[in-house]
Amino acid sequence: MLETLATAALALAAFYAFVTLVNLPFFRAPPRPKTGRAPAVSLLIPARDEIANIDAAIAGALASEEVELEVVVLDDGSTDGTGDRVRAWQGRDPRVRLIGGGDLPRGWNGKQHACWQLSRAARHDLMVFIDADVRLGPQALARLAAALDGDLDLASGFPQELTDSLAETLVIPQIHVLLIGYLPLPFARIFRGPGFAAGCGQVMAVRRAAYRALGGHAAIRASRHDGLALPRSFRTAGFRTEFFDMTRLASCRMYAGAEQVWRGFAKNATEGMAKPVALPVWTVLLGGGHVLPFLLLPLTLAAGDGGAARLSAAAIVLVWAARGLLAIRTRQKALGVLLHPVGICLVLMIQWHALISAWRGRPAQWRGRSYDV
Numbered sequence: 000m001l002e003t004l005a006t007a008a009l010a011l012a013a014f015y016a017f018v019t020l021v022n023l024p025f026f027r028a029p030p031r032p033k034t035g036r037a038p039a040v041s042l043l044i045p046a047r048d049e050i051a052n053i054d055a056a057i058a059g060a061l062a063s064e065e066v067e068l069e070v071v072v073l074d075d076g077s078t079d080g081t082g083d084r085v086r087a088w089q090g091r092d093p094r095v096r097l098i099g100g101g102d103l104p105r106g107w108n109g110k111q112h113a114c115w116q117l118s119r120a121a122r123h124d125l126m127v128f129i130d131a132d133v134r135l136g137p138q139a140l141a142r143l144a145a146a147l148d149g150d151l152d153l154a155s156g157f158p159q160e161l162t163d164s165l166a167e168t169l170v171i172p173q174i175h176v177l178l179i180g181y182l183p184l185p186f187a188r189i190f191r192g193p194g195f196a197a198g199c200g201q202v203m204a205v206r207r208a209a210y211r212a213l214g215g216h217a218a219i220r221a222s223r224h225d226g227l228a229l230p231r232s233f234r235t236a237g238f239r240t241e242f243f244d245m246t247r248l249a250s251c252r253m254y255a256g257a258e259q260v261w262r263g264f265a266k267n268a269t270e271g272m273a274k275p276v277a278l279p280v281w282t283v284l285l286g287g288g289h290v291l292p293f294l295l296l297p298l299t300l301a302a303g304d305g306g307a308a309r310l311s312a313a314a315i316v317l318v319w320a321a322r323g324l325l326a327i328r329t330r331q332k333a334l335g336v337l338l339h340p341v342g343i344c345l346v347l348m349i350q351w352h353a354l355i356s357a358w359r360g361r362p363a364q365w366r367g368r369s370y371d372v
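Heads up: the sequence shown runs through residues 0 to 372, numbered per numbering that gives the first Met the number 0.
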């Protein structure tokens, strides 16, 4: 029995390690900009109670190189003085513009409504949406613009995810684990179907013509997961999308503390893993490949089953090796690698909690708003 379990765990761990090793060369940074005329970029920032973030977000954007830039910030009903901070920037730099957000219509998610309003205010054909907690490096916008200089219509970027608390360190890097460990990137580049679509809602660059043709954020108005929903919408409409490694071009502290991590991951879980058919499969893949080997090793050693112990140890080596390479590539903390099985358990707990809450009809809560799941 132990040897059968250890064999299954090794197979699942090997699958994760193999896909990660194949994908890492394809998870590349956006291309460098060509010499010539600087592209015109509308940087669009939805902001709801972002007084702790908005100054750094605007300052980083204004330091962008090799682009003609406007920065448009939408104050989405903030009560903490976010709008006043943006007005101060607007008074100092003509590239900054503040617009007020309208009331949230029924059936819309707050962020999607804010981004839709921003798109209508943008003056340039290349639009880049970022969250207010994203810090752009000087070359980030120029390289996103270069990515859209070919036949792409949407380019998404994964910034370096900054983590402080233990919960952040354990859970947030699992975004990269799931993406690089289970989505075959060569196929995603070859096949244009929506099933291979993926992206990061923190950084989204789009061509205006394609964006308007499919309806923009209005096409995903009810979604809480624009990182998946918007690229899928583009691909469904026949447009090309791709995502890039922006670890060295931008950074983001996604959530602060355990409570935000839990609520933040739970709010859009039912649009990703937390589905009745998908979540049991993910539980087998992640629990069997990333957690079971670490549980089996001491059990097999205690039982004196050397064969099963060797299989379990091999699975652990594969998981830690692939996870370590990914951590080096994306500048994640070593502690998150060491405690990787704990992080996987937390992710699965959040997903099951979200699915059960949806079954019970409990709405998702985020930024003072409730959304049906």
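Glycine residues also receive a C-beta, built at the ideal position from the N, C-alpha and C atoms.
None of these values were measured; they are calculated from a predicted model.
Enclosing alpha helix (DSSP H) for residue i [first to last residue]
i      : result
Met348 : 339-358
Arg188 : 184-189
Coil, strand or helix - residue i by DSSP
i      : result
Arg328 : helix
Tyr370 : With a pLDDT of 49 at Tyr370, under the threshold of 50, the predicted position of this residue should be treated as unreliable, and no value is reported.
Glu49  : coil
Pro158 : strand
Glu270 : helix
Ser118 : helix
Ala10  : helix
Tyr15  : helix
Thr168 : helix
Ala321 : helix
Ala255 : coil
Val276 : coil
Arg206 : strand
Thr81  : helix
Spatially closest choice to residue i from the options, by CA coordinates
i      : options                        : result
Arg96  : Trp261, Ala60, Ala187, Pro172  : Ala60
Val260 : Ala236, Ala314, Leu169, Thr3   : Leu169
Ala333 : Leu296, Ile349, Pro172         : Pro172
Ser232 : Trp281, Gly149, Gly194         : Gly194
Gln111 : Leu284, Asp244, Val316, Ile219 : Ile219
Gly106 : Ala166, Tyr15, Ala217, Lys274  : Ala217
Thr81  : Asp54, Ala221, Gly226          : Asp54
Leu284 : Ala10, Gly214, Gly323          : Ala10
Ser373 : Cys114, Arg84, Gly76           : Outside the shown range of the chain (0 to 372) lies residue 373, about which nothing can therefore be said.
Gly100 : Val85, Ala87, Trp88, Gly76     : Gly76
Residue i - containing beta strand (DSSP E), residue span
i      : result
Glu67  : 67-74
Phe195 : No beta strand (DSSP E) holds Phe195; DSSP gives it neither H nor E.
Val133 : 133-135
Proximity below 8 Å, CB of residue i to CB of residue j
i      : j      : result
Ala8   : Pro292 : yes
Pro142 : Arg47  : Contrary to the premise, residue 142 reads as Arg rather than Pro in this sequence. Not a contact, by the Cβ cut-off of 8 Å.
Ala265 : His175 : no
Phe242 : Ser118 : no
Pro158 : Val205 : no
Phe26  : Arg188 : no
Stretch pair the segment 244-255 + the segment 125-135: three plus CB contacts closer than 8 Å: yes
The segment 179-189 contacting the segment 16-26, beta-carbon criterion three pairs below 8 Å: yes
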